[in-house]
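To start, the structure itself, in structure tokens.
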Amino acid sequence: VQLQASGGGQVQPGGSLRLSCAATGSVFTIKAWAWIRQAAGKERELVAAITSGGTTSYGDSAEGRFIISTDDAKNILYLQMNSLQPEDTGVYYCNADTGYDVDYWGKGTQVTVSS
Numbered sequence: 064v065q066l067q068a069s070g071g072g073q074v075q076p077g078g079s080l081r082l083s084c085a086a087t088g089s090v091f092t093i094k095a096w097a098w099i100r101q102a103a104g105k106e107r108e109l110v111a112a113i114t115s116g117g118t119t120s121y122g123d124s125a126e127g128r129f130i131i132s133t134d135d136a137k138n139i140l141y142l143q144m145n146s147l148q149p150e151d152t153g154v155y156y157c158n159a160d161t162g163y164d165v166d167y168w169g170k171g172t173q174v175t176v177s178s
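Set out below in structure tokens:
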């Protein structure tokens, strides 16, 4: 499975961005998808996840502001981010998990929230 993330950029506090992650290859093997964020000098943290059945979960900082979704026909994972704050700044990676100790990572897309 190959993952290509896009949609990052610079936005002012309170703004919105939508990240996309296009998946190719053996996508049928994926059981869950996720967005992972890594801020400078910090460990990676889970932002949001969605199972192949559509069950979603969010990290504390994303709850109520971000929405994770998939377009199964196009094999695209999305992350709609609203009310962005400076602490949301970081590199956002998409992750695809087969559920069998095998997962895949995209290259990441930079999100910068600043005035």
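Counting from 1 along the sequence shown, just add 63 to a position and that's the residue number in my numbering. The beta-carbon is built from N, C-alpha and C at its ideal position, and this holds for glycine as well.
| query | result |
| --- | --- |
| With D166 as the anchor, note down where its beta strand (DSSP E) starts and where it stops. | D166 to W168 |
| F129 lies in the beta strand (DSSP E); which residues open and close that run? | F129 to D134 |
| Go ahead and label Y163 buried or exposed: buried means 16 or more other beta carbons lie within 10 angstroms of its beta carbon, across all protein chains shown. | exposed |
| Do I99 and Y155 come within 9 Å of each other at the CB atom, strictly closer than that value? | yes |
| The beta strand (DSSP E) spanning N158 covers which residue range? | G153 to D160 |
| With DSSP run on the structure shown, which of helix, strand or coil describes V90? | helix |
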